[in-house]
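Counted the way our numbering counts, the sequence shown spans residues 335 to 750.
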Amino acid sequence: MNEKLYNYLKEHDFYLNKGEFRYCTELYGKEEFRITIAKYVEQERPPFPFRELQYSDMIYNFRKLQKADYSKFITPIDHPTDHLENEVIEKYDDYKYSFRNFGIGIINTPSVFNACSDYFMNQLRLRCGSYGFMAPAQVWEQGNWKRVWSSIGGLWRGVNTSQDLSPKSVMEVLRLGTYIATQFKPIVAKTIYNMTDAKTVLDTSMGWGDRLAGFYASNATHYIGCDPNPNTFQIYSEMVKEFDKLAPGKTVQFHRCGAEDLPWDMIKDVDCAFTSPPYFSTERYNEGGKFEEDQSWSKFNHYERWRDEFYLPVAINSFTSLSDKGFLMTNIMDPKVKGTRYHSCDELVDSLRPNFLGQLGMRIMQRPQGKNVFKTKEELEKFMAKSYIENVWCFGKNTDLDLFRHTRRATLESLF
């Protein structure tokens, strides 16, 4: 560490403009500068550059979400084997019930509505780490200098678009050098609630409150949700307080517990049970906090326990709670865990096979590992033009309802 450079950072309250950043890089060299920044963060702990979301932005964003026509974001697929072989790519294509053979449609939504829930949850989300990986705010607020050093190399590469040392550039490089818990798009929740014509909805893993926001913007009227995380649970009340003003007349019912402990005998006549359950051995919600032992990652630390005591029982109980015309929609895939590839999605479908309707493909942004995999620019462009999806596994008691009825109607009307 360079003491003179350390003191220079301290005099400038850590952040440097473009000229100062270039001057220090040329004078001390990238590596000495990088080590000094890392040790400065470890010892001084400058405030983490959280995104500044304004209350007015949240209101405006929610109003846009309310007005958004969900039918514009969905595309039905009647015969997936006929024309999707080279268009849709699953993260893993080895499922027994693959999208290629069981795809029923695509949900392709923008991220422009995310602020209405991220306004409340951004700081908690950026403090949620994973197995072996710290979240951006965890690195900045708790990590030792070596952890910080390993996360900030992008400051001297093209990742740093402003070419300075600023809150913006720090956040840019930390997004690539750390683990960030994924935000669910509220517009997807609104879309699924309206597709299923739901009034009463169930969310067995409330997470960052994104499906709660989607509920308030949808046609649904009653929301039942649960989550064991006391930190998010407190913020749900703040969300309800604000959303009740913007979408009055709706009711909510929250349970601070894991879904396996819900009072299932009291949950009836659900029109749509839609959630994205915590993946096995992935995100470590509320690590080190009160009621940590209630989180699925802490409670079910072996795959078989997670599957047999949490994942499948919750899915089956959710389906049992449905009304005669209800739907169960589960957004989950199977990441590799310590080199092991599990198939919980196939096991989910097997457990409810008679009521399996197929897969909805929820489009996500996906990029290849490296450009050098492709021999030509045309090959790369062709690859990038495809749709990358996460799986939404669909089950229903109501096989008569056309989930894409509004899209088909709009398409038909445009012909006349």
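In this text, a Cβ means the ideal position worked out from N, Cα and C, and glycines have one as well.
In this text the structure is predicted, and so the values were computed from the model without any measurement.
According to the neighbour-count rule (16 or more other Cβ atoms, all chains shown, within 10 Å of its Cβ), is residue i buried or exposed?
i	result
residue 544	buried
residue 636	exposed
residue 780	Here the chain has residues from 335 to 750 only, and residue 780 is not among them.
residue 435	exposed
residue 392	buried
residue 361	exposed
residue 655	buried
residue 378	exposed
residue 461	buried
residue 600	exposed
residue 389	exposed
residue 520	buried
residue 692	buried
residue 486	buried
residue 524	buried
By the DSSP assignment, the alpha helix (DSSP H) with residue i in it spans what residues?
i	result
residue 501	501 to 511
residue 368	364 to 378
residue 568	564 to 580
residue 479	479 to 485
residue 435	433 to 436
residue 548	544 to 551
residue 470	470 to 476
residue 679	678 to 685
Please check the pair residue i and residue j, which I expect to be a contact at CB under 8 Å, by giving their CB distance rounded to whole angstroms.
i	j	result
residue 335	residue 373	5 Å
residue 513	residue 464	4 Å
residue 720	residue 423	5 Å
residue 598	residue 651	5 Å
residue 611	residue 648	7 Å
residue 717	residue 498	About 34 Å; that fails the 8 Å criterion.
residue 319	residue 450	In the structure as shown, the chain begins at 335 and stops at 750. Residue 319 is therefore absent and cannot be evaluated.
residue 542	residue 567	Wrong, their Cβ atoms sit about 12 Å apart, outside the cutoff.
residue 666	residue 696	The Cβ separation is near 11 Å, so there is no contact.
residue 454	residue 399	Not really, about 14 Å apart at Cβ, beyond 8 Å.
residue 474	residue 407	Incorrect: roughly 35 Å between the Cβ atoms, too far for contact.
residue 494	residue 503	5 Å
residue 482	residue 375	5 Å
Suppose the cutoff is 8 Å on Cβ atoms and the five residues either side in sequence are ignored; what does the same chain contact list for residue i look like?
i	result
residue 358	339, 342, 350, 367
residue 416	In this predicted model, residue 416 has a pLDDT of only 46, less than 50, meaning its place in the structure is not dependable enough to derive any value.
residue 605	530, 531, 532, 533, 534, 535, 554, 656, 657, 659, 660, 661
residue 682	645, 646, 649, 664, 666, 727
Under 7 Å Cβ to Cβ from residue i, same chain only, skipping five residues before and after it: list those, please.
i	result
residue 668	426, 675, 676, 677, 678, 679
residue 380	348
residue 526	606, 608, 663
residue 738	408, 410, 439
residue 500	349
Skipping 5 residues on each side, what residues in its chain have a beta carbon closer than 6 Å to that of residue i?
i	result
residue 646	685
residue 420	Below a pLDDT of 50, predicted positions are generally treated as unreliable, and residue 420, at 49, falls in that range; the measurement from the model is reported next regardless. Within the same chain, residue 420 has no close Cβ partners at all.
residue 746	Because residue 746 sits at a pLDDT of 45, beneath the cut-off of 50, its placement in the model cannot be relied upon, and the following sentence gives the value as read from the coordinates. Closer than 6 Å at the Cβ level, and outside the excluded window around residue 746, lies no residue.
residue 470	460, 508, 512
residue 740	405
residue 732	659
residue 430	680
Between which two residues does the beta strand (DSSP E) holding residue i run?
i	result
residue 537	534 to 537
residue 461	Neither: residue 461 is in no beta strand (DSSP E) and is coded neither H nor E.
residue 527	Element bounds for residue 527: not the beta strand (DSSP E) but the alpha helix (DSSP H), 520 to 529.
residue 659	656 to 665
residue 697	690 to 698
residue 386	No beta strand (DSSP E) holds residue 386; DSSP gives it neither H nor E.
residue 607	604 to 609
residue 517	From DSSP, residue 517 is part of no beta strand (DSSP E); its letter is neither H nor E.
residue 724	721 to 730
residue 345	Run containing residue 345: none in the beta strand (DSSP E); it sits in the alpha helix (DSSP H), 337 to 345.
residue 410	408 to 410
residue 541	Here residue 541 belongs to no beta strand (DSSP E), and DSSP marks it neither H nor E.
residue 601	Where residue 601 is concerned, there is no enclosing beta strand (DSSP E), given that its DSSP letter is neither H nor E.
Determine, for residue i, whether the minimum Cβ-Cβ distance to residues of chain D falls below 7 Å.
i	result
residue 498	Among the chains of the structure shown, chain D does not appear; only one protein chain is present.
- request: Evaluate contact between the stretch 473 to 484 and the stretch 567 to 579, counting only Cβ atoms and requiring at least three cross-stretch pairs below 8 Å.
  value: Because the criterion of three Cβ pairs below 8 Å is not met, the stretch 473 to 484 and the stretch 567 to 579 do not touch.
message: Between the stretch 438 to 445 and the stretch 530 to 543, can you find at least three pairs of beta-carbon atoms closer than 8 Å?
response: When Cβ pairs closer than 8 Å are counted between the two stretches, the stretch 530 to 543 is seen not to touch the stretch 438 to 445, the count staying below three.
query: Are at least three pairs of beta-carbons, each pair with one atom in the stretch 727 to 734 and one in the stretch 654 to 666, less than 8 Å apart?
result: Contact holds: three or more Cβ-Cβ distances are below 8 Å.
- prompt: Are the stretch 540 to 555 and the stretch 496 to 511 touching by the rule of at least three beta carbon pairs closer than 8 Å?
  reply: Look at the beta carbons and you see the stretch 540 to 555 not touching the stretch 496 to 511: under three pairs across the two are nearer than 8 Å.
query: Contact between the stretch 591 to 602 and the stretch 552 to 572: three or more CB pairs below 8 Å?
result: Yes: at least three Cβ pairs fall under 8 Å.
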